[in-house]
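In this note's numbering, the protein residues as written are 1 to 260. The C-beta atom is built at its ideal place from N, Cα and C for all residues, glycine as well. Keep in mind that this is a model prediction, so the values were computed, not measured.
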Ligand SMILES: Cc1cc2nc3c(=O)[nH]c(=O)nc-3n(C[C@H](O)[C@H](O)[C@H](O)COP(=O)(O)OP(=O)(O)OC[C@H]3O[C@@H](n4cnc5c(N)ncnc54)[C@H](O)[C@@H]3O)c2cc1C
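Structure (structure tokens):
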């Protein structure tokens with residue numbers, strides 16, 4: 001059987017390799033490594049898992065499936081790397097049609113989920129880490145939470161190995177190998193040839209650098225992201241993040257509870 005080559009072992013590459021292997025393909029997975037690659041978007045310490053994607057029904061349906069998948073992995077891995085803490089969305093101005101919060105709320109309620117609307121009193125009572133004088137409007141959904149993303153990749157790489165995926169770290173894609181008008185493999189930056197019947201390039205934000213002719217269509221951008229500092233246990237016994245950090249920054253804060 002012709003081998004399938006997956007290039008890039010972030011979440012897309014490693015899950016593609018596992019799925020192809022399960023479907024009976026001989027699979028080789030290559031990455032510069034070390035895995036999980038410290039610069040890969042998939043690594044990091046945490047990533048949000050949510051159902052809230054505004055009015056986008058397709059994405060919402062995919063996220064429903066993904067949450068089932070995360071719960072299944074928690075069971076199968078024997079370790080919980082998905083933490084279903086629920087998802088809180090807060091804003092300073094009232095919810096309005098066209099806002100992520102309201103559109104998500106309406107779509108999710110219509111699909112049988114049970115998101116809740118919050119006012120300032122509810123924010124103050126239930127989520128005291130947040131300044132309810134500023135963040136007076138929001139929604140809370142018990143479904144959703146966050147994953148320990150770097151640990152997930154490490155676990156999936158192990159799973160791929162156990163399933164018989166041939167893993168090669170220390171390999172960087174250099175160029176496509178073309179033969180008789182078809183792509184027959186890749187050549188690494190070190191000049192090593194990797195021939196394959198099918199090739200999956202899962203290079204994430206590196207894609208337009210590896211395939212420069214896509215640079216006009218795909219652009220890597222950076223954006224600011226911040227995570228809450230250590231959480232503090234209050235005398236009441238409730239856990240909350242230091243509120244100063246959560247009130248002094250502009251909107252767009254992502255905060256994860258501390259789990260250890
Ligand atoms: C700051 C930030 C926060 C995010 N937060 C969330 C979130 O909370 N929830 C969420 O769902 N999503 C989030 N995302 C999006 C999510 O992380 C990405 O969509 C996902 O990780 C992309 O996975 P990937 O496999 O495509 O890419 P990556 O994880 O980047 O993997 C690409 C792989 O390709 C390899 N590679 C690179 N160059 C080469 C080469 N020349 N040859 C071979 N291999 C190569 C790399 O080593 C890497 O392992 C976030 C992204 C960022 C950047």
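Start-to-end residues for the beta strand (DSSP E) that takes in residue i
i           : result
residue 4   : 3 to 7
residue 27  : 26 to 31
residue 137 : 137 to 141
residue 116 : 116 to 118
DSSP beta-bridge partners of residue i
i           : result
residue 188 : 173
residue 77  : DSSP, once it has assigned bridges, lists no residue as partnering residue 77.
residue 199 : 5
residue 146 : 48, 83
residue 261 : It is not possible to answer for residue 261, since the shown part of the chain is limited to 1 through 260.
residue 168 : 30
residue 179 : 182
residue 90  : 138
Alpha helix (DSSP H) segment containing residue i, residue limits
i           : result
residue 105 : 100 to 110
residue 20  : 11 to 22
residue 209 : 207 to 210
Presumed contact (8 angstroms Cβ cut-off) between residue i and residue j, rounded CB distance
i           : j           : result
residue 40  : residue 204 : 6 angstroms
residue 145 : residue 43  : Not really, about 19 angstroms apart at Cβ, beyond 8 angstroms.
residue 187 : residue 6   : Rounded, the Cβ-Cβ distance is 16 angstroms, inconsistent with contact.
residue 71  : residue 82  : 7 angstroms
residue 177 : residue 195 : 7 angstroms
residue 197 : residue 2   : 3 angstroms
residue 137 : residue 95  : 6 angstroms
residue 100 : residue 89  : 7 angstroms
residue 160 : residue 21  : 7 angstroms
residue 131 : residue 87  : Actually they do not touch by this definition, with Cβ atoms about 19 angstroms apart.
residue 216 : residue 148 : No, residue 216 and residue 148 are not in contact; Cβ-Cβ is about 36 angstroms, not under 8 angstroms.
residue 4   : residue 30  : At roughly 12 angstroms, the Cβ-Cβ gap does not stay under 8 angstroms, so residue 4 and residue 30 are not in contact.
residue 67  : residue 158 : In fact, because the Cβ distance is near 23 angstroms, the residues do not count as touching under 8 angstroms.
Residue i Cβ short of 8 angstroms to ligand 2 heavy atom set
i          : result
residue 13 : Inclusion of ligand 2 in the displayed structure is not the case, the ligand content consisting of ligand 1 alone.
(Q) Closer than 8 angstroms is the cut-off here; do at least three beta carbon pairs connect the stretch 51 to 67 with the stretch 171 to 185? (A) When C-beta atoms of the stretch 51 to 67 are compared with those of the stretch 171 to 185, fewer than three pairs fall below 8 angstroms, so the two segments do not count as touching.
**Q.** Cβ pair count under 8 angstroms reaching 3, the stretch 17 to 26 against the stretch 155 to 170
**A.** Touching, per the Cβ criterion.
Q: Taking 8 angstroms as the threshold, find out whether the stretch 46 to 53 comes into contact with the stretch 102 to 119 through three or more Cβ pairs.
A: A contact exists between the stretch 46 to 53 and the stretch 102 to 119.
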